[in-house]
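If you count by our numbering, then the sequence shown holds residues 754 to 843, one letter each, in order.
Ideal Cβ positions, reconstructed from N, Cα and C, are used throughout, including at glycine.
Reading through the structure tokens given below for one structure.
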Amino acid sequence: MNKELFKLLTDILREIERIKSHLIQTITIRNDGINLQATERIIKRLERIAQEADDELIDTLIRIEQIFDLEQAKYSIAKEESQVRNQPKD
């Protein structure tokens, strides 16, 4: 699940940057009936979406790291318990 979310958010960020670049390039090269204010609003909205996706991506990476750390801790505890059980009794 986290890997799928990570890929989705990364794809969203990449697509937003592509759209932003295309809009900026379109405005610079020619005016296709889109006024400058409307284009600026679209770009600002895309930037907000990108920021939200980036924030969610960071949160997801933090959760993945926490889960990994928890699994590592569980493994270490289980390994120690196993070693204690397997020690010969005096």
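- Counting the other Cβ atoms within 10 Å of the Cβ of Ile830 gives fewer than 16, which makes it exposed.
- DSSP places Asn839 in the uninterrupted alpha helix (DSSP H) bounded by Leu789 to Asn839.
- Taking a contact as a CB-CB distance under 8 Å, the pair Ala803 and Ile769 counts as one, their CB atoms being some 4 Å apart.
- For the pair Leu776 and Ile796, the CB atoms are nearer than the 8 Å cut-off.
- Asp808 has its alpha-carbon roughly 12 Å from the corresponding atom of Arg816.
- For the pair Ala806 and Ile765, the CB atoms are nearer than the 8 Å cut-off.
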